[in-house]
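Using our numbering, the letters of the sequence shown map in sequence onto residues 194 to 528.
By construction, the Cβ of each residue, glycine as well, lies at the ideal position given by its N, Cα and C atoms.
I have placed the structure first, in the form of structure tokens, so that the comments after it can refer back to it.
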Amino acid sequence: MTPDTGTTAILLLAHGTPNVLSEMAEYLQKVTNGRPMPQAVVEELQHRYAEIGLRDTPLPEGPPLTRWTLRQTELLAARTGRKVYVGMRNWHPYIADTVAQMKADGITHATVLCLAPQNSRTSTGLYRRALESAVDNAFTCDFITDWADEPLLAEAFAEKLSPVLAEATAALGQRPAVLFTAHSVPCRTILATSTEAPSPGSPVPAEGIQHYGDSDQPDPYPVEAKHTASEVAAKLSLTDADWFFAFQSQGIAGAPWIGPTVEDTFKALAESGHKGVIMQPIGFLCDHVEILYDIDINFRQVAAGLGLQLWRANSLNDSPTLIRALEDALQTKSA
Numbered sequence: 194m195t196p197d198t199g200t201t202a203i204l205l206l207a208h209g210t211p212n213v214l215s216e217m218a219e220y221l222q223k224v225t226n227g228r229p230m231p232q233a234v235v236e237e238l239q240h241r242y243a244e245i246g247l248r249d250t251p252l253p254e255g256p257p258l259t260r261w262t263l264r265q266t267e268l269l270a271a272r273t274g275r276k277v278y279v280g281m282r283n284w285h286p287y288i289a290d291t292v293a294q295m296k297a298d299g300i301t302h303a304t305v306l307c308l309a310p311q312n313s314r315t316s317t318g319l320y321r322r323a324l325e326s327a328v329d330n331a332f333t334c335d336f337i338t339d340w341a342d343e344p345l346l347a348e349a350f351a352e353k354l355s356p357v358l359a360e361a362t363a364a365l366g367q368r369p370a371v372l373f374t375a376h377s378v379p380c381r382t383i384l385a386t387s388t389e390a391p392s393p394g395s396p397v398p399a400e401g402i403q404h405y406g407d408s409d410q411p412d413p414y415p416v417e418a419k420h421t422a423s424e425v426a427a428k429l430s431l432t433d434a435d436w437f438f439a440f441q442s443q444g445i446a447g448a449p450w451i452g453p454t455v456e457d458t459f460k461a462l463a464e465s466g467h468k469g470v471i472m473q474p475i476g477f478l479c480d481h482v483e484i485l486y487d488i489d490i491n492f493r494q495v496a497a498g499l500g501l502q503l504w505r506a507n508s509l510n511d512s513p514t515l516i517r518a519l520e521d522a523l524q525t526k527s528a
């Protein structure tokens with residue numbers, strides 16, 4: 194990592210989220226690179242965001258994703274003693290606006306890390322392109338492409354999973370299934386490495402992630418997501434029979450997205466005799482709609498309909514171990 198001379202900085206990149214419900218259509222166009230979404234999709238997502246507290250006027254503390262991302266930025270700056278900036282791809286503060294501020298501040302070099310630990314064309318790749326366009330050679334960058342194997346990341350997730358695992362085990366009288374999840378991505382972004390896809394309803398145990406799509410190079414995201422899950426499982430001595438993996442939050446419009454889905458996995462778990470399941474989304478570093486709505490509201494209803502009790506490990510949010518993981522990744526992964 195380049196020594197801090199007062200003109201070097203850390204830049205964190207994140208997804209971004211709207212501040213009020215009326216911004217949803219514009220926000221979704223950012224997510225889809227300008228492709229307008231059907232009004233029904235806009236309204237459905239407005240409903241989901243309303244269910245987690247978003248309103249027609251800005252929340253004093255901001256939406257969860259923005260609030261926690263800015264808090265993580267503050268904690269990292271306090272821990273490292275360095276300037277830490279944050280830029281969002283899809284909403285304010287936009288990457289381009291943050292880079293403009295860095296230029297104005299005289300930054301000459303930045304170490305850049307995405308707050309999405311697992312590398313994918315749909316996250317890291319798009320953020321990098323936005324960053325390169327904004328920087329336009331104004332300063333140099335060390336861009337960290339992924340940090341899914343950072344040991345402290347797995348430790349942070351294990352710290353959140355451990356107490357809920359004990360609680361659920363006591364409530365059921367037996368160890369529940371643990372379902373790790375990551376955000377799904379479109380099938381077209383994943384290159385097939387197997388001629389067979391998982392059959393619907395099949396949980397993916399320890400050796401099961403496939404690649405899908407039509408790109409000429411494999412996207413590392415599914416493998417890296419599964420790696421993070423396996424590292425968390427190892428921290429808590431979970432056996433291959435104890436835990437499973439699924440992709441959540443598939444898009445509600447457009448081409449197919451990779452699975453297996455949480456819904457199909459729940460069904461398979463219930464059919465195999467499980468009475469309870471703990472979800473831990475290991476592709477997310479803080480609360481936002483994919484956790485507070487998709488898991489806490491939607492998947493809870495799905496699980497109940499199948500006779501499954503559902504628990505969720507708390508999100509990392511302002512976890513001190515997460516902040517140490519960010520610091521270590523910045524130190525060990527930068528060029």
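According to the neighbour-count rule (16 or more other Cβ atoms, all chains shown, within 10 Å of its Cβ), is Glu219 buried or exposed? Exposed, because fewer than 16 other Cβ atoms sit within 10 Å of the Cβ of Glu219.
From the DSSP secondary-structure annotation, give me the bridge partner or partners of Gln473. Gln473 pairs with Phe373.
Are there 16 or more other CB atoms within 10 angstroms of the CB of Ala434, so buried, or fewer, so exposed? So Ala434 counts as exposed.
Grouping DSSP H, G and I as helix and E and B as strand, with all else coil, what is Arg228? Coil, per DSSP.
Measure the CB-CB distance between Gln443 and Thr374 and report whether it falls below 7 Å. Cβ atoms of Gln443 and Thr374: not closer than 7 Å.
Candidates Met472, Lys419, Pro229, Ala448, of which the one nearest Phe459 by Cα: Cα-wise, what sits closest to Phe459 is Met472.
Going along the chain, which unbroken runs of the beta strand (DSSP E) with 3 or more residues stay wholly within the segment 271 to 326? Segments of the beta strand (DSSP E) lying fully in the segment 271 to 326: 277 to 281, 302 to 307.
Cβ neighbours of Leu519 in the same chain (closer than 6 Å, five flanking residues each side left out): Spatial neighbours of Leu519 in its own chain (CB-CB distance under 6 Å, excluding positions within 5 residues in sequence) are listed in chain order as Leu269.
Is the beta carbon of Thr421 closer than 7 Å to that of Ala351? Ala351 places its beta carbon 7 Å or farther from that of Thr421.
Please say whether Ser313 and Tyr242 have beta carbons closer to each other than 7 Å? No, these two residues do not count as a Cβ contact at 7 Å.
Three CB pairs or more closer than 8 Å across the segment 236 to 250 and the segment 314 to 334: Judged by Cβ distances under 8 Å, the segment 236 to 250 makes no contact with the segment 314 to 334, as fewer than three pairs qualify.
With a Cβ-Cβ cutoff of 7 Å, do Ala207 and Thr273 count as a contact? No, Cβ-Cβ distance for Ala207 and Thr273 is not below 7 Å.
Run of the beta strand (DSSP E) containing Arg505, from where it starts to where it stops: Element bounds for Arg505: 502 to 505.
Close-in-space but distant-in-sequence residues of the same chain around Thr155 (CB under 6 Å, 5 per side omitted): Only positions 194 to 528 of the chain appear in this structure, which leaves residue 155 out of reach.
Buried/exposed call for Gly498, threshold 16 Cβ in 10 Å: Using a 10 angstroms sphere on the CB of Gly498, the tally of other CB atoms stays under 16, which defines it as exposed.
Which residue from Met230, His302, Tyr287 puts its Cα closest to that of Gly199? Relative to the Cα of Gly199, the nearest Cα in the group Met230, His302, Tyr287 belongs to His302.
Start and end of the beta strand (DSSP E) containing Ala202? Here the beta strand (DSSP E) through Ala202 covers 201 to 207.
Leu501 versus Gln494: straight-line alpha-carbon distance, rounded: Distance between the alpha carbons of Leu501 and Gln494: 10 Å.
Between the C-alpha atoms of Pro211 and Trp436, what's the straight-line distance to the nearest angstrom? Cα to Cα, Pro211 sits roughly 34 Å from Trp436.
Rounded Cβ spacing between Pro532 and Gln222 (contact assumed at less than 8 Å): This structure leaves residue 532 out entirely; the chain is present only between 194 and 528.
Could you tell me the alpha carbon to alpha carbon distance between Leu431 and Phe438, rounded to whole angstroms? Between the alpha carbons of Leu431 and Phe438 lies a distance of about 13 Å.
In three-state DSSP terms, what is Ala331? When secondary structure is reduced to three states using DSSP, Ala331 falls in the coil class, being assigned neither helix nor strand.
When the Cα atoms are used, what is the spatial distance from Ile484 to Glu456? If you take the alpha carbons of Ile484 and Glu456, they lie about 15 Å apart.
Candidates Leu214, Asn491, Pro257: which alpha carbon is nearest Phe477's? The alpha carbon of Phe477 has as its nearest neighbour, out of Leu214, Asn491, Pro257, the alpha carbon of Pro257.
Using the C-alpha atoms, what's the distance from Asn330 back to Val397? Interpretation of Val397 is limited by its pLDDT of 37, a score under 50 that renders its predicted location unreliable; no figure is taken from the coordinates.
Bounding residues of the beta strand (DSSP E) (the contiguous stretch that carries Gln441): Annotation for Gln441: the continuous beta strand (DSSP E) segment containing it runs 436 to 441.
Within 10 Å of its beta-carbon, does Ser326 have 16 or more other beta-carbons around it, so buried, or fewer, so exposed? Of the other Cβ atoms in all chains shown, fewer than 16 fall within 10 Å of the Cβ of Ser326; this residue is therefore exposed.
Run of the alpha helix (DSSP H) containing His420, from where it starts to where it stops: According to the DSSP assignment, His420 belongs to the alpha helix (DSSP H) that extends over 414 to 428.
Look up Ile337 in the DSSP assignment and say whether it is helix, strand or coil. Secondary structure at Ile337: strand, using DSSP grouped into helix, strand and coil.
Here's a check: name, in chain order, each residue in its chain whose Cβ is nearer than 6 Å to the Cβ of Leu515, leaving out the five neighbours to either side. The answer, listed in chain order, is Ala349, Leu509.
Are there any heavy atoms of the ligand SAH lying less than 6 Å away from the beta-carbon of Lys296, as far as the coordinates show? Annotation note on the ligand SAH: not contained in the displayed structure, which lists no ligands.
Rounded to the nearest angstrom, what separates Glu464 and Ala359 at their Cα positions? Counting only the Cα atoms, Ala359 lies some 24 Å from Glu464.
Simplified DSSP assignment, three categories, for Pro449: Coil.
Taking the Cβ atom as the reference point for each residue, do Lys428 and Ala347 lie within a distance shorter than 7 Å? Cβ distance < 7 Å, so Lys428 and Ala347 count as in contact.
Confirm, please, whether the CB-CB distance from Ala461 to Val357 is below 7 Å. Annotated as distal: Val357 and Ala461, with beta-carbon spacing of 7 Å or more.
Just to confirm, are Thr304 and Ile203 a CB contact at a threshold of 7 Å? When the beta-carbon positions are compared, Thr304 and Ile203 come within less than 7 Å of each other.
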